[in-house]
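Below is one structure; the comments refer to it alone.
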Amino acid sequence: MKNKVKILREEKNMTQNELAEKSGLSLRTIQRIEAGNILKGFTLKTIAQSLETEPENLISTKENSEIERAKLINLSALSGFIIPFGSIIFPLILTYKTKDFKNRELGKQIISIQIFLSLILSFLMILSPFIQKAFSIEFPLFLVPLIVILSLKLVVVILNGISLNQKQRLAIKLKHNFL
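Numbering (the numbering used here), first residue to last: 1 to 179.
See below:
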């Protein structure tokens, strides 16, 4: 991901040297800022003035990158369409490899809803042959809960993805986590 200072500098067709001269800061300071050093105080104001922007526009928010990880965890739940219980396993791996608290909590909520839906699906799949035999249904009844629950899982992933994009929180979650 490109640094905001570098993006604005390049939009204005300035070199690092030109920005250093215009701001009165050293070339090494400009290089450090573009390498990811945090801008604050006098340096922030000086760079903002030199790039003709507000200081707030130069401060990168970590929250966006946090949400990007949560989006990946949510999206990984779709692996359950290919691999049995992949909707739990892959989000679980991504969640526990995440050091960030907010991501981990979002990941746990995503996993909890997937566990809940998988448990319901498993229960209905076990129950369906007995219902099919009891009512002498010739149609393979197990297909109904399979299609319904898988469709529901897809809807949950889509709605949560949209909500993460717009509101930076999950739209569908359980009140209590299993994890």
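C-beta atoms are modelled at their ideal positions from N, C-alpha and C, and glycine is treated no differently.
### Task
Sort A134, R169, L124 by Cα distance to I181 and report the nearest one.
The structure shown has nothing for residue 181, since the chain only spans 1 to 179.
### Query
Quick check: the segment 1-20 against the segment 33-42, are there 3 or more CB pairs under 8 Å?
Yes: the two stretches touch, three or more of their Cβ pairs being nearer than 8 Å.
#### Entry: Member of I59, T95, M14 whose CA lies at the smallest distance from the CA of S76
Among I59, T95, M14, the Cα nearest to that of S76 belongs to T95.
### Task
To the nearest angstrom, report how far apart K22 and R169 are at their CA atoms.
In this model, K22 and R169 are separated by some 41 Å (Cα to Cα).
### Query
Taking Cβ positions, are G107 and I73 nearer each other than 8 Å?
It is a contact, given that the beta carbons lie within the stated cut-off.
### Query
Hey, would you say L179 sits closer than 8 Å to I113, going by beta carbons?
Result no, Cβ atoms of L179 and I113 do not sit closer than 8 Å.
### Task
Give the C-beta separation of I47 and I33 to the nearest angstrom, bearing in mind that I take them to be a contact with Cβ-Cβ under 8 Å.
Contact flag correct, Cβ pair sits at about 7 Å.
### Message
Just to confirm, is the Cβ distance from L150 to F81 under 8 Å?
### Response
Taking 8 Å as the Cβ cut-off, L150 and F81 qualify as a contacting pair.
#### Entry: Straight-line Cα distance separating K99 from L117
Cα-Cα distance, rounded: 26 Å.
### Task
Could you have a look at R169 and say whether DSSP puts it in helix, strand or coil?
R169 carries a coil assignment under DSSP once its states are collapsed to helix, strand and coil.
### Query
With DSSP run on the structure shown, which of helix, strand or coil describes I115?
Here I115 sits in helix by DSSP.
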